[in-house]
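Colleague:
Residue numbers (the working numbering): 1229 to 1344.
1) Can you give me the start and stop residues for the beta strand (DSSP E) that residue 1258 sits inside?
2) What distance in whole Å lies between the Cβ atoms of residue 1318 and residue 1289, which are believed to be in contact at a cut-off of 8 Å?
3) Could you name each continuous alpha helix (DSSP H) segment of 4 residues or more that falls completely within the segment 1256 to 1322, going from the start of the chain to the end?
4) If I follow the unbroken beta strand (DSSP E) through residue 1253, where does it start and stop?
5) Between the alpha carbons of residue 1327 and residue 1267, how many angstroms are there, rounded?
The following block contains the structure:
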């Protein structure tokens, strides 16, 4: 697992959060590669860019797709078999609702239904 940081020379990453990459072995001897995590826009500049251009989340989504493509390519070029799953639309929390849950205004049970 890794987390974004503030770095002296480069400043803040446009998205703050935690990410885990890994794989699980399946009963049939195959493997499933995955990522899980949660991200949030770091500051007002990232929020403005996201609302007008789709950056930085569009770039993050493209990076994840390229990683999956790279895994499939690597496996196939080494005499293996691989397929790339097509992910549904990424689930992104509505942070205003998360804050309401944190503050006790709304129940925890609504969070899984309020991602955008």
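Even glycine gets a Cβ: it sits at the ideal position worked out from N, Cα and C. Since the structure is predicted, the reported quantities are computational estimates derived from the model, not experimental observations.
Modeller: If we stick to the structure as given:
1) Here residue 1258 corresponds to residue number 30 of the chain shown, with the count starting at 1. Segment: none, residue 1258 is in no beta strand (DSSP E) and carries neither H nor E.
2) Here the question's residue 1289 lines up with position 61 in the chain shown. Here the question's residue 1318 lines up with position 90 in the chain shown. Confirmed, Cβ separation roughly 6 Å.
3) The segment 1256 to 1322 contains these whole alpha helix (DSSP H) runs: 1272 to 1281, 1285 to 1305.
4) Residue 1253 sits at position 25 when you count from the first residue of the chain shown. Counting along the chain, the beta strand (DSSP E) containing residue 1253 begins and ends at 1243 to 1253.
5) Sequence index remark: in the chain shown, residue 1327 carries index 99 (1-based). Sequence index remark: in the chain shown, residue 1267 carries index 39 (1-based). Using only the alpha carbons, I get a separation of about 15 Å.
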